[in-house]
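Going letter by letter, the sequence shown gives residues 1 to 1251 in full-length UniProt numbering. Quick notes on the structure that follows.
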Amino acid sequence: MTIINSTEFQVYFSCETPDSNFSKTLLIHQLFEAQALCSPSSIAIEFEGECVSYQELNQRANRLAHHLQVLGVQPDILVGLCLERSLELIIAVLAILKAGGAYLPLDLNYPAERLSFMLENAQASILLTQSHLCKGLSLQTTHRFCLDSNEEAIAQNPTTNPQSEVTPDNLAYVIYTSGSTGKPKGVAMPHRPLVNLIAWQLQNSTVSSTAKTLQYTPISFDVSFQEIFATLTTGGTLVLITEQMRRDPTSLLEFLNQAGIERLFLPFVALQQLAEVAQMESIIPTSLREVITAGEQLRITGAIAHLFNHVPQCSLHNHYGPSETHVVTAFSLTGSVQDWPALPPIGQPIANSQIHLLDSQLQPVPVGVPGELYVGGVSLARGYFNSTELTAQRFIVSPFNKCDRLYKTGDLARYLADGNIEYLGRIDQQVKIRGYRIELGEIENVLEQHSQVRQAVVVARNDIPGEQRLVAYIVADAMVPATSVSELRQFLRSQLPEYMVPSAIVLLDKLPVTPSGKIDRKALPVPNYGTNQENLVAPQTPTEIALANIWSDILGLTQVGIYDHFLDLGGHSLLATQVISRIRNVLQIELPLRCLFESATIAELAKLIETGRQQIQSIQLPPIQPVGRDANLPLAFVQEPLWFLDQLVPNNPFYNIPQAFRLNGFLNVQALEQSFQEIINRHEILRTTFKAVDGQPIQIIHPSPIFKLPVIDSTTQESQVWGLIIEEARRSFDLSEDLMLRAALFKLSETEHFLLINLHHIVCDGWSINVLLQELATLYTAFASEQTSPLSDLTIQYTDFAVWQRQCLQGEIRERQLAYWQEQLNGLPPILPLPTDFPRPPVSTYRGARHFLSLSASLTKELQELSRREGVTFFMTLLAAFQTLLFHYTRQDDIAIGSLVANRHRPELEEMLGFFANTIVLRTDLSGLPSFRQLLQRVREMTLGAYAHQDLPFEELVQALQPDRALNHNPLVQVVFNLQNTPTSTWEVPGVTLTDLPLDNKTAKFDLFLELAVTPTDLVGYFEYSTDLFAATTIARMAGHFQKLLEDIVANPDTKVSDICLLSIAEQQQLYTWNQTQGDFPQECIHQLFEAQVEQTPDAIAIEFAAQQLTYQELNQQANQLAHYLQTLGVKPEVVVGICIERSPQMAIGLLGILKAGGAYVPLDPAYPQERLAFMLNNSQASVLLAQQNLIEKVATHNTRVVCIDSEWEAIAQNPTTNPQSEVTPDNLAYVIYTSGSTGKPKGVAMPHRP
């Protein structure tokens, strides 16, 4: 439905700029070549005192272009460009285009990882750079070509314009912009839209064609193209500056005057900064005649108005256009500055571009009504390079003309009455706070109306987990008295409803900006909400105060109110376990974990404790005490299966836990070695070995050995070093002799090392790794500064826990837990039937691999929001999603998978090394077609029940349940999910940074193991899978399906889990493509094809049976005789004829005869029961039965006319041998064949000739 009438619709389309002429065949570099021919001696470029004429610039670019062509550059070949601001940069851009290629700009300020991704993703064949820049670039398949070291070779090439086959539809550049997935996306821009832009720019510029233009924008941003070619295609001079000057507003202002710059392209933030400095230091760039701004909403601030009041001859142009389209609208501000609007519109479309403002149904919105801005016309990029799925999402088919495309910008705008377009902000800047939909831009506009506010940015943050809050960032105007937060808050309350007043207001000296000059919202600091949070009620009673202290400590908050919800503050199941543990110690109360989720505020929990002490189980477990070391010391329950597996398959690396790190900085190797020594001294478990006594494994604790850290000098290729690390990571442990901790240092240079730490799982778990790293950092810091260890002594060791566990986990406690699991796992299928690529081997080899994945920050945030809304933990949401994925893969609604619990219920266990983690079985019922929201509640109840009974060791459970066991799969669960919520330790030591390196030691303990970890920005992890069962492509596809599923559930959690589509757009397209099987096939009926063959080979043998042979002509003639005979009996199209004949030439004659008569045959197998044959004959309503005499008794014919092909052949043979005529068509029946039916009765499949 559309709410716009026909008149408005006409107005809507009249707002588009009509097509205007521009060269549809010329290329952007050819426009430059034409200008070089017109004004060869004019100055094209100035840089640091050097001037280059158009002729010289063209010749130098030509030489490089010819050389690039020799290197294979041609249309749609990408050439990486990593150069400092210099003449060579402009020459290189021109040369790449002249060679026919497209340039890929690489900003030196970007991280090396981002640059490597861009080169790899863009499949750049060549990288143009300079020798001193090569060090920071990691190249694999890209050929590096250094301009400075190849000057002589380049100079040998011709100076004439090179020839290439490039067309306006070939690429000119690929520029990468930030992507919502966390990976940058490459905008692939062809020549045609860029030529259109430059042609429009030339027609609408307010400066002379020979004007001087500053090249301000980094080459990695699309505005730089406009700066360069709007100048070099008109005879103007392009003035380059150094990066240092670009970042210094005072120096830049002075340079503008000194160089006589007339045209300036600046993002709004940079323009505002320049105007402020101009105002404060009274430096006015009087030579300016034209300023063009883009990138963000233009605001006419006091400083900008002051600047343009002092340069009245200078016009200001507001351009709009995302990277995917470049500039598509423009609005000019001229005349008196006092008449300029505070928020100028973005204007009207440029030539050959269209702007559509549409609603969610892609219907045009009326004038004045906000809609999403879509761009059409010649301005569109080709799409995103190497990303067809993302391209299909953002470049859609036009609803107005199916032959055209539109780009979906995600921007909100509206038409003004005069046809100009008003920009309203990003659609994703619409937020919902406590149910209210809020436009952040509206709050920003109100703030900037305050006399003391120079700039304002408002964002919605989740710093207080679970509660999205508005935060305003303010830059005060230095020209007016200092402002106060309370005054600003009062001002906002006078202008806006309460729900739109920010919870926090942060005063900044300046707003952070991205390299392109846009406000960097991600870099805005975390506000200090302080202790003045509204509606916060402080704890009063002793119980509330104790609980508040526990929550504050574990959640890392300075203050907690008694009505704050545990999940809203960032709580999850692992933290809940710690809270219960602290409550046990501090308040001497044993609370089930469920209580913390059902009474999730301090007020409710305190009331539960104070009023229900008599109903709450008191602590019965004794404290963990040190035990003597002279007796045989048992293993903990979780250690036993690992020891038995090692006995069964000795010298295996299956349970190695290798960790690899890159260390950058000057490393004190002696301090690092001393730190490892102290950790081994400190933790007995690392110097524990295992052996059997009387058939039972025991622990043997050894004195601390002298630890030597191997240092391997590895100045060879990094890939070779990595091979050594993998080899060392897979070296097995001898549990009866070895130290259970190994480390090795690989020296790449004086300031770069690889560190490998390897432990056996029998002494370590994920939590332990973080404890180890924290202690290593603390000790290294102390020893590097020649101090003693600051770590306090451990009061107990892992062995003490093992003895305590065996003493406590027995009797009533064990029986109660076991009873729960016996009921929960009753009837559990022995194996989860995941489809595999390879048959399951008789014995598992434990060979495996990993597929790493990363989920975007936005998706992670949406999943966390969903969790909070539904009152479940993040783990529960991800578990429900993973089980939904398995439901789709197995088509089974009973899904049981394993999960790991930390099993550190007591505070004294939190700082210990050792294997504490236990596996629990999480079994979910997905029957009854639940929605995902309903499934979340099922998973919540199931998970809380499992957590309440998590103490029973998995191996004890297996022994008690006695499931069918085999050497090729794990008992009870073959698939495991784990969310790493363990406290992560950071390596904070002076002078050295540590980076975690993902390490795959090519083993798999389960069929499939999904591990995810929450980082400060996103969700990362991997699928570890058995290569005995799965191919890498299958798991990669599964990972894609998992991400698609997560995206769908946050978009619509009320979707039934059975209705969620796992297929990506690309996969759906692939399925569609596979079904594009159209091809030519004969339009005749099947017997007509036989007749055609008879014409070609009449004497060839058609049938052999025993000693009998029939040629094609004989077979055709006999079938014709039968066909004529059947036609006399009424056989014609759609008439069914039963045929009951034993294997013989008569069977072939019968089938052909029926078809030639125009009828359809029903085959009746003589071996079938008589009752079934009778049903088939009657159900098909066969009018004639063609049979052999000896088989007539097999079929109860009732009213069917019987023709005996053997006994009646003499009469049949009286008919003509010519092909009979019939009205049968390819859509008439050829046969009806009966198959088994679900009702118990056979069902007849009616098949026409055409298929």
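Yeah, the Cβ is synthetic: ideal placement off N, Cα and C, and Gly gets one too.
Suppose the cutoff is 6 Å on Cβ atoms and the five residues either side in sequence are ignored; what does the same chain contact list for residue i look like?
i, result
"GLY530", "Reliability of the predicted coordinates at GLY530 is poor, the pLDDT of 37 falling under 50, and the value obtained from them is presented with this limitation in mind. Within the same chain, GLY530 has no close Cβ partners at all."
"GLY1159", "VAL1131, VAL1135, VAL1137"
"ASN532", "Because ASN532 sits at a pLDDT of 42, beneath the cut-off of 50, its placement in the model cannot be relied upon, and the point is left open."
"LEU741", "LEU686, LEU759"
"GLN1117", "THR1217"
"ALA960", "LEU818"
Kindly indicate which three-state DSSP category residue i falls into: helix, strand or coil?
i, result
"LEU26", "coil"
"ASP694", "coil"
"ALA153", "helix"
"TYR173", "strand"
"LYS1243", "strand"
"PRO267", "strand"
"GLN699", "strand"
"ARG454", "strand"
"HIS132", "helix"
"LEU863", "helix"
"LYS183", "coil"
"ILE589", "coil"
What do you reckon, are the CB atoms on residue i and residue j nearer than 7 Å?
i, j, result
"SER1183", "VAL1135", "yes"
"THR1027", "GLY848", "yes"
"GLY383", "PHE395", "yes"
"residue 1257", "ILE355", "Here the chain has residues from 1 to 1251 only, and residue 1257 is not among them."
"HIS761", "LEU913", "no"
"GLU296", "SER315", "no"
"ALA671", "TYR780", "yes"
"THR159", "GLN35", "no"
"SER599", "LEU591", "no"
"LEU863", "THR877", "yes"
"LEU357", "LEU373", "yes"
"ASN161", "ASN62", "yes"
"VAL1050", "LEU926", "no"
"LEU104", "LEU78", "yes"
In terms of residues, what are the limits of the alpha helix (DSSP H) holding residue i?
i, result
"GLN195", "Reading off the sequence, residue 195 comes out as Val, not Gln. Counting along the chain, the alpha helix (DSSP H) containing VAL195 begins and ends at 191-204."
"PHE1042", "1032-1051"
"MET245", "243-246"
"GLN1109", "Here GLN1109 belongs to no alpha helix (DSSP H); instead the beta strand (DSSP E) covers 1108-1111."
"ALA294", "First-last for ALA294: 290-294, but that is the beta strand (DSSP E), not the alpha helix (DSSP H)."
"LEU89", "87-98"
For residue i, which residues of its own chain have a beta-carbon under 7 Å away from its beta-carbon, when the five flanking residues on both sides are left out?
i, result
"THR1235", "PRO1242, LYS1243, VAL1245"
"VAL1202", "LEU1185, ALA1187, ILE1192"
"PRO1133", "GLY1158, SER1222, GLU1223, VAL1224, ASN1228"
Just to confirm my understanding: we take residue i, look at its own chain, exclude 5 residues before and 5 after, and list those with CB closer than 8 Å. What are they?
i, result
"GLU955", "PHE637, VAL638, GLU640, PRO641"
"GLN950", "VAL901, ASN903, ASN918, ILE920"
"residue 1252", "Residue numbering for the chain in the displayed model covers 1 to 1251; residue 1252 lies beyond these limits and cannot be assessed."
"GLN720", "SER714"
"ILE796", "ILE624, GLN625, PRO626, GLU908, MET912"
"SER42", "SER53, TYR54, THR210, GLY235, THR237"
"ILE550", "VAL579, ARG582, ILE583, VAL586"
"THR541", "ALA606, GLU610"
So is residue i in contact with chain E if we call contact Cβ pairs under 7 Å?
i, result
"GLY441", "This model lacks chain E altogether; it includes just one protein chain."
Just reading off the beta strand (DSSP E) that residue i is part of, what are its end residues?
i, result
"SER675", "Premise fails: SER675 lies in the alpha helix (DSSP H), 669-682, not in any beta strand (DSSP E)."
"ALA102", "102-105"
Exercise for the section: Check whether the segment 25-38 touches the segment 91-107, taking contact to mean three or more Cβ pairs, one atom from each stretch, closer than 8 Å. Expected result: In short, these stretches touch, since the Cβ pair count reaches three.
Exercise for the section: Take every Cβ of the segment 142-151, pair it with every Cβ of the segment 195-205, and state whether three or more of those distances are shorter than 8 Å. Expected result: Taking one beta carbon from each stretch, the segment 142-151 and the segment 195-205 have fewer than 3 pairs nearer than 8 Å; the two do not touch.
Exercise for the section: Report yes or no: do the segment 827-847 and the segment 1010-1025 share at least 3 C-beta pairs separated by less than 8 Å? Expected result: With the cut-off at 8 Å, the segment 827-847 and the segment 1010-1025 do not touch.
Handout entry: Cβ contact (3+ pairs, closer than 8 Å) linking the segment 185-193 and the segment 317-330
Key = With three or more CB-CB distances shorter than 8 Å, the segment 185-193 counts as touching the segment 317-330.
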